[in-house]
Structures are given as structure tokens and as C-alpha cells.
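Enquirer: Take the sequence shown: its letter number 248 is residue 247 in numbering that gives the first Met the number 0, and every next letter is one higher.
Ideal Cβ placement from N, Cα and C applies to all residues, glycine included.
Just so you know, these numbers come straight off a predicted model, no measurement behind them.
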Amino acid sequence: MLAPSTIAQLLQNARRQIAQALQLPDAEARIEAQALLRQAVGAVSRAWLIAHEHDIPSPAQAAVFQQLLQRRLAGEPVAYLLGEREFYGLDFSVTPAVLIPRPDTETLVDAALTRIPPTTPCRVLDMGAGSGAIAIAIARHRPQARVTGIDSSPTALEVARDNARKLGAGNAEFHLSHWFAALAGEQFDVIVSNPPYIAADDPHLAQGDLRFEPAAALASGADGLDDIRLIVRAAPAHLVGGGWLLLEHGYDQAEAVAKLLRKAGFGEVGSGADLAGVMRVTQGRLP
Ligand code: GLN
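1) Helix, strand or coil: how does DSSP classify Thr119 here?
2) Just how far apart, CA to CA, sit Gln206 and Arg228?
3) For Ile190, which of helix, strand or coil comes out of DSSP?
4) Give a single yes or no on whether Leu285 has its beta carbon closer than 6 Å to a heavy atom of ligand 1.
5) By the 10 Å Cβ neighbour count, where 16 or more other Cβ atoms means buried, how is Tyr79 classified, buried or exposed?
6) Mind checking Asp226: buried by the 16 CB within 10 Å criterion, or exposed?
7) Could you check where the beta strand (DSSP E) with Glu267 kicks off and where it finishes?
8) Expressed to the nearest angstrom, what Euclidean distance is found between the alpha-carbon atoms of Gln320 and Asp103?
9) What does a CB cutoff of less than 8 Å around Tyr250 pick up in its chain, not counting 5 residues either side in sequence?
10) Is Leu182 near ligand 3, in the sense that its beta carbon is under 6 Å from a heavy atom of that ligand?
11) Select from Val123, Val231, Leu245, Ile137 the residue whose C-alpha is nearest the C-alpha of Ser270.
12) Taking C-beta to C-beta, are Arg84 and Val93 nearer than 7 Å?
13) Name the DSSP bridge partner or partners of Phe173?
14) Taking Gly129 and Ala155 to be in contact with their CB atoms under 8 Å, please state how far apart those CB atoms are, rounded to whole angstroms.
15) Mapping DSSP to helix, strand and coil, what is Arg101?
16) Near Ala168, which residues of its chain fall below 6 Å by C-beta distance, leaving aside the five closest residues on each side in sequence?
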């Protein structure tokens, strides 16, 4: 039998396999290997792993690590394997029922926060809340705001409610609704959404993490704009005068979304870039 591996040896082997199987740069593969091993030996810190690199994990820990590694090598997203993803400085629980929060989406939260007053009450709606990342990040930064998140997936709502509880967002609540279906008569000051916006035949849907994420959270018709069209059309009836609608969208959709907003009567239409410099969020204000 082979001698049991040290932490350093396990990490080195895993890094090599991950880099090769998933075509990832070495540095990224190393971070993933560390994350999986930290999980397997009991959620220890990265510093702990480095300080204990000559330790030999227990056979049970090594077995858990091998299972996580094999699942990762088969393409499962790290966030689902860990059950967690950081977003806007908060640790969100994630399951395959929800889209994995992306750093790009922090742009949407930033854009919303500049339009939500810090010290006066405000009603905010997050459409297609998923894990609750957007709604809860806003709720935590605007304690006097009341944030409502809706989603058409009951399993996603469980994740969002669990996150709100865990992250102390008592001013965020989540309801079952397909877009505005369950919101008759309700009005908000700010509506935000990171809806599905990928074209149904986009080859990216068959690559990487996206293969494992809920299709209903990603794809939206032939040009990816079906849900955005629906939201833009229906939003004015659910916004107060002067209210804002802010939408995340694909890298090449800013112009199309701006046009839809203007057509629906929105003014002050503009777009903002994500960390990669891609126009990612477009917003408009009701007169
Ligand atoms: N930004 C995500 C991606 O391209 C898509 C999320 C969405 O459709 N809302 O991976």
C-alpha cells in the first residue's frame, strides 16, 4: 500500500488534476484544491492548511477529500461542493437550486444602493432572488429599507430565507411569485433583478459551472431578453413615481435593455460597467 499522503502532497496532486481536467490556470486550481481540503478536514482556515502541510489527514478526511475532488473533476462547481459562496462581503449558503452569486452582480447592488436612501424608509423588490444574495446585501446595507425578494422556485426560497436568517437580514422577506404574478397592487421605490438573460442556444450553457446551475435562472428565449422584456413592461405598474428599475444583463445587451426601458416610459436611462469593464447593469427611472 502507498504511504498516506501529507496535506502538501494531497494539495499538489489535486492542483495538478484540477488544472488538467478543467483547463484552469495553476493558481486557480491551487485555490480550489485548498478550498476542498479545508472543507474535508473540517472548515479550517487557509493559514491552518499551510501551517500543517506535513500533517497526514485521517483516513476519513482523506476519503471525503477524494470524493469532493472527484466531483470537482467531473465539473461540479466549487460553490455547490462547499455549500457556500461569498458575495458583497457576506457568506451565502448555496445549493444547486440557486444560481451561484457572481462578483459581476455586486455592480447591481452598488447601483441600487446609490438610489436607496440610507436613513429613510424605502420599499425594495428583488425579482428572481435565488440565494437572496442581492436582496440580503441591500437589506444589510439599508436597515431601514424593507426588501422583498420573489422567486418562482420554492427550493430557492428556502435557501434565501435560510440566508436571511443566518445573515441577520430581518428586513428581507421572500415570497413565491413568478415575476409580478403574486404582487398585484404592490408598489415599490426600487426594483432590482438579475434575471435569466442568456440566449437559449448560447454554447456557454453547456460549459463550466453553468451546466450544473438551474436552467430557469440562466436562459431566456432566443435572444436572452424574454424575461427582461416581461419585467420592463410590467414594472411601471409596480413602481411609485420617481421609482427606479435596475437590471443586470449580458455583456452585449445594454443597448437593447436601454431601448426597452425608454419604450416603457422610463427616463434617466443609463448603464454601468462591472469589474471587467463590461456594461452589466442598465437602469431607468419612472417620471
Ligand atoms: N452572469 C451569468 C453568466 O453569464 C448569467 C446569470 C444570468 O443569466 N442572470 O454566467
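Expert: Based on what the coordinates show:
1) One-based indexing of the sequence shown puts residue 119 at position 120. Reduced to three states, the DSSP call for Thr119 is coil.
2) Within the sequence shown, residue 206 is the residue found at index 207, counting from 1. Within the sequence shown, residue 228 is the residue found at index 229, counting from 1. The alpha-carbon atoms of Gln206 and Arg228 are separated by roughly 26 Å.
3) Within the sequence shown, numbered from 1, the residue matching residue 190 stands at position 191. Strand, per DSSP.
4) Indexing the sequence shown from 1 puts residue 285 at position 286. At a threshold of 6 Å, Leu285 does not count as near ligand 1, since its beta carbon sits no closer than that to any of the ligand's heavy atoms.
5) Working through the sequence shown from its first residue, we reach residue 79 at position 80. Here Tyr79 is buried, its C-beta having at least 16 other C-beta atoms within 10 Å.
6) Along the sequence shown, read from residue 1 onward, the residue named residue 226 stands at position 227. Buried, since its Cβ has 16 or more Cβ neighbours within 10 Å.
7) Along the sequence shown, one-based indexing puts residue 267 at 268. Taken as a continuous stretch (DSSP letters only), the beta strand (DSSP E) holding Glu267 covers 266–272.
8) Examination of residue 320 is not possible in this model, given that the chain is present from 0 through 286 alone.
9) Walking along the sequence shown from the start, residue 250 turns up at place 251. For Tyr250, where only same-chain residues beyond five positions count, the Cβ hits under 8 Å are Val277, Met278, Arg279.
10) Because ligand 3 does not appear in the structure shown, any question about it cannot be addressed here, the ligands present being ligand 1.
11) The count along the sequence shown starts at 1 and reaches residue 270 at position 271. Here the closest residue by C-alpha is Leu245.
12) On the sequence shown, position 85 is the one that residue 84 refers to. On the sequence shown, position 94 is the one that residue 93 refers to. Result yes, Cβ atoms of Arg84 and Val93 sit closer than 7 Å.
13) Walking along the sequence shown from the start, residue 173 turns up at place 174. Partner(s): Gly148.
14) As a working note, residue 129 is residue 130 in the sequence shown. As a working note, residue 155 is residue 156 in the sequence shown. Right, their Cβ atoms sit about 5 Å apart.
15) The residue you call residue 101 lines up with position 102 of the sequence shown. Arg101 carries a coil assignment under DSSP once its states are collapsed to helix, strand and coil.
16) In the sequence shown, the residue the question calls residue 168 occupies position 169. The residues are Ile135, Ala138, Arg139.
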